[in-house]
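One structure below.
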Amino acid sequence: MAAPNGAHTWLVLSKAARSVSVRAHESIAKSGLGTTDFAILEALLHKGPMPVNAIGKKLLLTSGSITTAVDRLVAKGCVERTDDPNDRRIRVVELTKEGRAQIVPAFERHEKDLEQIIASVLTAAERTTLVDLLRKLGTSAESER
Numbered sequence: 001m002a003a004p005n006g007a008h009t010w011l012v013l014s015k016a017a018r019s020v021s022v023r024a025h026e027s028i029a030k031s032g033l034g035t036t037d038f039a040i041l042e043a044l045l046h047k048g049p050m051p052v053n054a055i056g057k058k059l060l061l062t063s064g065s066i067t068t069a070v071d072r073l074v075a076k077g078c079v080e081r082t083d084d085p086n087d088r089r090i091r092v093v094e095l096t097k098e099g100r101a102q103i104v105p106a107f108e109r110h111e112k113d114l115e116q117i118i119a120s121v122l123t124a125a126e127r128t129t130l131v132d133l134l135r136k137l138g139t140s141a142e143s144e145r
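Per the numbering used here, the sequence shown starts with residue 1, numbered consecutively.
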């Protein structure tokens, strides 16, 4: 049997990513947070306080989108903005106690949901191989741009 060509490989990859993404979005919706708000809170939980523009770059959001989302999270009491002590032009965003209380259980549920989706199909060795192959493919595709 011949190896699948590039177009077929992309189609299978795209369909799998879409299916898993739908399940991931359903998992996030259980938390009562939107996908963008969840992603911002999760980034702050795991990376600590970050400048607004760094969050936007990490999540691939425009400056307008990240500003709107951070404004929304500030209004909800989930995050606060402070001036960077070394450069007052930079605004740093960090989780509040309320934000941490919301994202910690939400992320734990999300992590369990994704583990159930993926571990029910792939062994640990298969997951390791898949991640390695996807990184290789992504790095190569990015470097050829």
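By construction, the Cβ of each residue, glycine as well, lies at the ideal position given by its N, Cα and C atoms.
Report the three-state DSSP secondary structure of residue i (helix, strand or coil).
i      : result
Thr9   : helix
Glu144 : coil
Pro105 : helix
Residue i lies in the alpha helix (DSSP H); which residues open and close that run?
i     : result
Thr82 : Thr82 -> not in any alpha helix (DSSP H); beta strand (DSSP E) instead, spanning Val79 to Asp84.
Lys30 : Per DSSP, Lys30 belongs to no alpha helix (DSSP H) and is neither H nor E.
Ala2  : That residue, Ala2, is in no alpha helix (DSSP H); it is neither H nor E in DSSP.
For residue i, count neighbouring C-beta atoms within 10 Å of its own C-beta (all shown protein chains included) and say buried if the count is 16 or more, exposed if not.
i      : result
Ala106 : buried
Leu134 : exposed
Asp132 : exposed
Leu60  : exposed
Ser140 : exposed
Asp84  : exposed
Closer than 7 Å by C-beta to residue i: which residues in its own chain qualify, once you throw out the five before and the five after it? Chain order, please.
i      : result
Ala24  : Leu114
Ile117 : Val20 and Arg23
So, at 8 Å on beta carbons, what are the nonlocal neighbours of residue i in its own chain, with the 5 sequence-adjacent residues on each side left out?
i      : result
Val12  : Pro4
Arg100 : Leu45
Thr62  : Gly56
Between which two residues does the beta strand (DSSP E) carrying residue i extend?
i     : result
Leu95 : Asp87 to Leu95
Please determine, among the options, the residue with the shortest C-alpha to C-alpha distance to residue i.
i      : options                       : result
Ala69  : Ser21, Ala39, Met1 and Ser19  : Ala39
Gly77  : Ala43, Glu94, Asp83 and Glu42 : Glu94
His110 : Thr67, Ser14 and Leu41        : Leu41
Glu98  : Lys15, Val52, Thr67 and Ala75 : Ala75
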